[in-house]
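A.B. asks:
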Amino acid sequence: MATIILRPEKSFPPRNGPVCFDTLTLRPGSNLNVSDEATEQLRSHPDFPQYERWGAIEIISPKAEINPNAPQPSELSTMNVDEAEKVIENCPDIAKLETWLASESRVTVRRAINRRITAIKGGNE
C-alpha cells in the first residue's frame, strides 16, 4: 500500500479535478492506501513519466517516514522557486504560510502558498 499525492495544478494544462489513468482515478491531494497492483499499473501508464516530471504526482512508499513537525525555514526568499514550492507543499501550518505570503514577492511562490492554504482549509490535505 502506498500514498499517492496528486497536484493537478502542476500538470499541463493545469487542472482542478481528479485525473484518470485508465481505470485508476486519483483525486487532488493525498490518495491513501493505494494497492501495490494499482501503483504498478500507474507507473506503467504512458502518461505517468510526464506527470512525475511536472511534479504533479508523487508516490510515497509506506516505509517513508513523514515528520509533520519538521522544522520550517523562516524565509523562502533564500530559495529558488522549485525548492520553495517543495517546502510549501510539505508545510501543514497555515500561520507560517500566511507569514511567508506577506513577505514573498515572487508570483509563482505566492500562488503556491495560496494553493496550499486553500488545500489545507478545504480538507484536501
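All residue numbers for the sequence shown refer to the working numbering, where the first residue is 2 and numbers rise by one.
Note that the Cβ used here is the ideal one computed from N, Cα and C, for glycine as well.
#1: When you compare the CB positions of residue 22 and residue 43, do they come within less than 8 Å of one another, or not?
#2: Given residue 61, which residues of its chain have a CB within under 8 Å of its CB, disregarding the five upstream and five downstream residues?
#3: Helix, strand or coil for residue 30? Go by DSSP, reduced to three states.
#4: Contact defined as beta carbons within less than 8 Å: I believe residue 86 pairs with residue 113. What is the distance between those atoms, to the nearest angstrom?
#5: Assign residue 57 to one of three DSSP states: helix, strand, or coil.
#6: How far does the beta strand (DSSP E) with residue 4 in it extend, from its first residue to its last?
#7: With distance defined between alpha-carbon atoms, name the residue in 34, 36, 10 nearest to residue 53.
#8: Taking the alpha helix (DSSP H) that residue 102 falls in, what are its first and last residues?
#9: What residues in its chain sit with their C-beta under 7 Å from that of residue 27, if we drop five residues either side in the sequence?
C.D. replies: Per the coordinate set shown:
#1: Their beta carbons are under 8 Å apart, which means residue 22 touches residue 43 by this criterion.
#2: So the list reads 3, 4, 5, 6, 67, once near-sequence residues are dropped.
#3: In the displayed model, residue 30 falls within a strand according to three-state DSSP.
#4: Going by Cβ atoms, the distance from residue 86 to residue 113 rounds to 5 Å, so yes, they are a contact pair.
#5: In the structure shown, residue 57 sits in coil (DSSP, three-state: anything other than H, G, I, E or B).
#6: DSSP places residue 4 in the uninterrupted beta strand (DSSP E) bounded by 3 to 7.
#7: Measuring from the Cα of residue 53, the nearest candidate turns out to be 10.
#8: Where residue 102 is concerned, the enclosing alpha helix (DSSP H) stretches over 95 to 104.
#9: Result list for residue 27: 5, 7, 19, 20, in chain order.
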